[in-house]
Structures are given as C-alpha cells and as structure tokens.
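There are 2 protein chains.
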Amino acid sequence: MPRETFKRLPETKRAAIERAAIEEFANSPYRNASINTIVDKAGIAKGSLYQYFKDKRDLYGYILSIVQQKKKVLAASLTPPSNSMDTFAYLRWMAQLDLLFRLREPELANIEQYAFLEAPLREGEDPETGERVMGDTRFQDFLTQGILHDDIATWVDTGLAAYILGVIINLVGPYLIARLGKDAESLKDGSADILYEPHTQALLDNLLDVIEAGIARDPQIRKDYYSK
Amino acid sequence: MPRETFKRLPETKRAAIERAAIEEFANSPYRNASINTIVDKAGIAKGSLYQYFKDKRDLYGYILSIVQQKKKVLAASLTPPSNSMDTFAYLRWMAQLDLLFRLREPELANIEQYAFLEAPLREGEDPETGERVMGDTRFQDFLTQGILHDDIATWVDTGLAAYILGVIINLVGPYLIARLGKDAESLKDGSADILYEPHTQALLDNLLDVIEAGIARDPQIRKDYYSK
DNA sequence: TTGGTTTGTGACCAAACGGTCATATTCTAC
DNA sequence: GTAGAATATGACCGTTTGGTCACAAACCAA
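Just so you know, the protein sequences line up as chains A and B, in that order. For the first sequence, my numbering assigns the number 1315 to the initial residue and increments by one for each residue that follows. For the second sequence, my numbering assigns the number 1315 to the initial residue and increments by one for each residue that follows.
Written as structure tokens, this is what we have:
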C-alpha cells in the first residue's frame, strides 16, 4: 500500500519511519495514534509522510502487514506444526508462538492486540459451510478438525469455544509476561530458551491442561501425574 | 464526586445529563468520549457541566458509580447466591447476571467493558496474603475458596485461571448476544425469561460445562448425559 | 424592592488533530 | 550546464479537544 516513492527510499530512512510508526501504533490504538508524533520521531516533515502513504489508514495497513510478516517468519523459525501433531499439541504450539512473539517483538505484539480488540467480534465466513461465524476462523477450523479426529468432545459448542480460545490466546500474553517476571528478561535477551525455561513451560502446561480438560473428548490430564 | 450543585438539580435535567453521558461513554472509550457531544445531547451549556463536575474524569467516575450501582440492584433482584450454592453454580450465576445486565442495560454494560479493557491487567492486592495478584480479585478469591471446598482441582494455577475467567466473563457477553440473535430480543422486552429461555440456557450450560471440565476436581460433566 | 447568593451561558483559549500545497531542494539524463 | 522530473518541506487549513471565565439570569430572604 505504500507509494512507489517509499519503496525507493534509502534503507536507513525507511527504517526510521517504520520504527517511529511501530512505536506509536504500539502505544496507542489506531484512533489515538498521532501522525505528528510519528513524523517527529522519524525526523521527517509531515508532507513527506504523505508522499509515501495516502493517509493514516494506509500507513496503519502497511504496519499491520509488517506485523503479520514478522510473525510468519518467527513461526517458520519455530519447529513447524507437523501433520502428525495432535490437536492440543498444535494449540500449545500456537500459544508458545504467541508468547515468543511478545517476548521478541513486544511492540508488534501490542499492535496486534490493539487490532484484535478493535474488532473482537469480527465476522468471518466459514469456507466449508458458508455459515457466518464469529471470532477467529482459525480456531473454528481447529475445533472442527479436532472433532473429526475424535480429539474434541462432541458436546462442545464450537462457535462459543472458538471465540473463547481466540480471546484467551490474544489476551493471555501480557499476563504471562508479568507472571514470568525476571525470567521473561532471560528469554528476551536469548540467555534462556523458551522451549526449556521451566517456569515458562510450567505456566504454558497449566494453561493448556485447563483447556484440554475443558474441551477434550478424553483428556489425558485427568489420568496423569496431576490426579490425586 | 459530583458537586453539590448537581445534586440540587431538578430530576429531569439531572436525568438528561446522565443519559447523555452514558450514551457517550458507551460509544467511545474514555479518551475518545467527547464533552462537547455530551453537553449538546443533554441540552446544556458546557460551562454548566463544569459547575456540576470538576472535570472529565470526575464525570466518568460518577457514571461508573451508576453502572456499579445498577448492576448491584440487578444482582439483588436475581435469586441471590446462597452459601449452599456450590462453586460452579455460583460461577454460572455470575455469568447469567452479566448476560442479563447486557440485555437490560446494554449501554452500561458497554461502559463496564471499556473500563475493563483499559486496565485488563490492573493489579489488586489479595487481602488474605497481601500478595500482588493480577486480574479481578473476585475470581482469585472464588478459586481459592473452590480449592478449599474441594471443588477445584489442586493443580490449577489460580492466578492464571482467575485472569482467564475474568477475561472470559468480561468479553463473552457480546458473543452470546450475537449468537442468541432474535431470542435476545424476547429477553430484552421481557416477553421471555432468561431463566427459562432454552437457547440461552443451552449456551450458558455449554460455557460452564467447559469451564467446569477445565478446572473442577471431579467434573460432573464427564459422567453425565453428554458422555458417549 | 432590594441585595446577595446560586446557577446558567457561550464566546474564548491553547493545544492537538489529519491533511494540503506552494515552494524549495535534490537528483537524473542529455 | 541545463532542463525536467522526483522528492522534501513546514506553514497553513479547518476542525475538534478539555477547560475557563466574565457576565447574565434566576432565585431567595429581608
């Protein structure tokens, strides 16, 4: 969506503009984000910005595309979800990806969250049935597949559960970071690996155990080490 | 928090101001709510408003107190939670209260939700332990009690679960209303009672069954009619 | 009717908003 | 060197923001 002029910009200048915009959209939801603040921080004139982007929405859309792309790259760098991965392992993988994204790119994660909160009820169309559904269609699909695989209890209302899962995944990040406290620091600077940091894994385990116990057809959690 | 002058105002005028403010704060989060819009809708001069309230925050605080009070009244009109009510019945009662509030007072419910989203991570202090906790302390207490009563599985991380419960209860309302569709209309105009409307009760049942299955020590849901 | 207190009013303020545009500067090609 | 295109600039526009204040109107007791 940026104009051609923007793409021809020297690397450093483009980066400065992107960084300034990211910082601003991470600190304020779209409506309150300030163009003036962005151009000041980027060190360019306001008129210049409007040569690169049609308007505020255009700039915002571009920043959102950066967020998505960066997350995609991170997802690819993480052990990818395999087809053999079971339903809940996949869900755990998603939660871990979300947390890792928040640790590595807190500003981008914030932008993502603002975007989610601005349309938490956005409708999507189920490509399968054409039925209108609410919430992230990813989770809708996820649950439908889970039922087909006999992983999810058939009595679970998939629409409701998909909505709840979306809300949880999108809002649990800040809580986890706060709970991890200084452990989160080690994960950020890379001195610890999220895959092996015990405190982090314990929290993720607990979150997913609750979810699995809640919607699984035959939850393992009830038979394992936790049972008393 | 309103000034004495406001309390002395004729009923109709006070009501007009409250209605205008409620409408505005229900449509926009605090930062974007407009004083100008409020005074226009209330049909008073801007200077008058500032004789009744110190500033925007003061007015907002007053409106929030109305929200809380109205919800309290509604809670009292509903069959109150008894001591003998078990942990999950109490949680279901809370969910039902929230839904009913949304049906009867959609604007007030919206204000409540904006307030929640503006500080979803606000810290509270556990009066028992003095420990700093996140999320609604109500749910923290609720879970602690539940564990004492042997209703909640001991392996559940209460902090995490309390946060999740808070997020769910505060955000599931709009989804439920949308799902109920025209049934929601009957509930609003009083031609149907939420306690007996089957579609509504089925959705609430499903939500609470998932939660119970997720965190209960000995979830009934696994043994009952749903099991296959 | 008078005088004093309480209440009502809207023009006005400085700041910030998104966006525009005439002009200046820089770059490219011949 | 020069013409012409591309890019940079910040003063400026109209609008909106929360909040103030000098003044007018209404009220009330004496």
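We put the CB at the ideal spot given by N, CA and C, even for glycine. Given the structure is predicted, the values throughout are model-derived calculations rather than measurements.
Which runs of the alpha helix (DSSP H), 4 residues or longer, sit entirely within the region 1484 to 1509 of chain A? Counting whole runs of 4 or more residues, the region 1484 to 1509 of chain A contains the alpha helix (DSSP H) stretches 1496 to 1502.
Using a threshold of 8 Å, state whether the C-beta atoms of residue 1381 (chain A) and residue 1425 (chain A) are closer than that. Stepping through the first sequence from its first residue, residue 1381 (chain A) is reached at position 67. Stepping through the first sequence from its first residue, residue 1425 (chain A) is reached at position 111. In contact: residue 1381 (chain A) and residue 1425 (chain A) (Cβ atoms closer than 8 Å).
Three-state secondary structure (DSSP) at residue 1530 (chain A)? Numbered from 1 along the first sequence, position 216 holds the residue referred to as residue 1530 (chain A). Shown here, residue 1530 (chain A) sits in a strand according to DSSP, grouped into three states.
Can a CB atom of chain B be found closer than 8 Å to the CB of residue 1361 (chain A)? The residue labelled residue 1361 (chain A) in the question sits at position 47 within the first sequence. Not closer than 8 Å to any Cβ of chain B, the Cβ of residue 1361 (chain A) fails to qualify, so no.
Going along chain B, which residues have a C-beta under 8 Å from residue 1517 (chain A)? What you label residue 1517 (chain A) is simply residue 203 of the first sequence in a count that begins at 1. What residue 1517 (chain A) touches in chain B: 1471, 1474.
Mind checking which residues open and close the alpha helix (DSSP H) that includes residue 1316 (chain A)? The count along the first sequence starts at 1 and reaches residue 1316 (chain A) at position 2. From DSSP, residue 1316 (chain A) is part of no alpha helix (DSSP H); its letter is neither H nor E.
Bridge partners for residue 1466 (chain B) per DSSP, in chain order? Mapped onto the second sequence, residue 1466 (chain B) falls at position 152. The bridge partners DSSP lists for residue 1466 (chain B) are B:1530.
Comparing alpha-carbon positions, which option in B:1468, B:1489, B:1470 lies nearest residue 1479 (chain A)? Taking the first sequence and counting its residues from 1, the one referred to as residue 1479 (chain A) is at position 165. Checked all of B:1468, B:1489, B:1470; the closest Cα to residue 1479 (chain A) is B:1489.
In or out: residue 1375 (chain A) buried (at least 16 other Cβ within 10 Å) or exposed? Position 61 of the first sequence, counting from 1, holds the residue named residue 1375 (chain A). Exposed, by the Cβ-count rule.
Is there a Cβ from chain B that is less than 8 Å from the Cβ of residue 1431 (chain A)? On the first sequence, residue 1431 (chain A) is found 117 positions in, with the first residue counted as 1. For residue 1431 (chain A), the nearest CB of chain B lies under 8 Å from its own CB, placing it at the interface with that chain.
Short-range partners of chain A found in the region 1476 to 1487 of chain B, where Cβ spacing is below 8 Å: Against chain A - using a Cβ distance shorter than 8 Å - the residues of the region 1476 to 1487 of chain B are 1477, 1478, 1481, 1482, 1485, 1486.
Once DSSP output is grouped into helix, strand and coil, what is the label at residue 1333 (chain A)? In the first sequence, the residue the question calls residue 1333 (chain A) occupies position 19. The answer is helix: DSSP assigns residue 1333 (chain A) an H, G or I state.
Cut-off 8 Å between Cβ atoms - residues of its own chain near residue 1338 (chain B), not counting five sequence neighbours on either side: Residue 1338 (chain B) sits at position 24 when you count from the first residue of the second sequence. The answer, listed in chain order, is 1347, 1348, 1351, 1352, 1355.
Among the candidates A:1378, A:1398, A:1409, whose CA atom is the shortest distance from the CA of residue 1389 (chain A)? Translated into positions along the first sequence, residue 1389 (chain A) becomes position 75. For the residues A:1378, A:1398, A:1409, the minimum Cα distance to residue 1389 (chain A) belongs to A:1409.
Evaluate residue 1365 (chain A) with the Cβ neighbour count: other Cβ atoms within 10 Å of its Cβ, from every protein chain shown; 16 or more gives buried, anything less gives exposed. Taking the first residue of the first sequence as 1, we reach residue 1365 (chain A) at position 51. With fewer than 16 neighbouring CB atoms inside 10 Å of its own CB, residue 1365 (chain A) falls in the exposed class.
For chain A, find out if any of its Cβ atoms is closer than 8 Å to the Cβ of residue 1349 (chain B); answer yes or no. Residue mapping note: residue 1349 (chain B) aligns to position 35 of the second sequence, counting from 1. Residue-level contact by beta carbon fails for residue 1349 (chain B) and chain A, as no gap is shorter than 8 Å.
Indicate the three-state DSSP secondary structure (helix, strand or coil) for residue 1474 (chain B) in the structure shown. Here residue 1474 (chain B) refers to the residue found at position 160 of the second sequence. DSSP places residue 1474 (chain B) within a helical segment (H, G or I) once states are collapsed to three.
Exposed or buried, which one is residue 1465 (chain B) when buried takes at least 16 other CB atoms within 10 Å? Working through the second sequence from its first residue, we reach residue 1465 (chain B) at position 151. Classification of residue 1465 (chain B): buried, given that the 10 Å Cβ count is 16 or more.
My output table needs one value for residue 1457 (chain A): the three-state DSSP class, helix, strand or coil. For this step, residue 1457 (chain A) is matched to residue 143 along the first sequence. Note: residue 1457 (chain A) maps to helix in three-state DSSP.
Can you confirm whether residue 1352 (chain A), when its beta carbon is compared against all beta carbons of chain B, has any partner nearer than 8 Å? Working through the first sequence from its first residue, we reach residue 1352 (chain A) at position 38. Chain B, which has no Cβ nearer than 8 Å to the Cβ of residue 1352 (chain A), makes this no.
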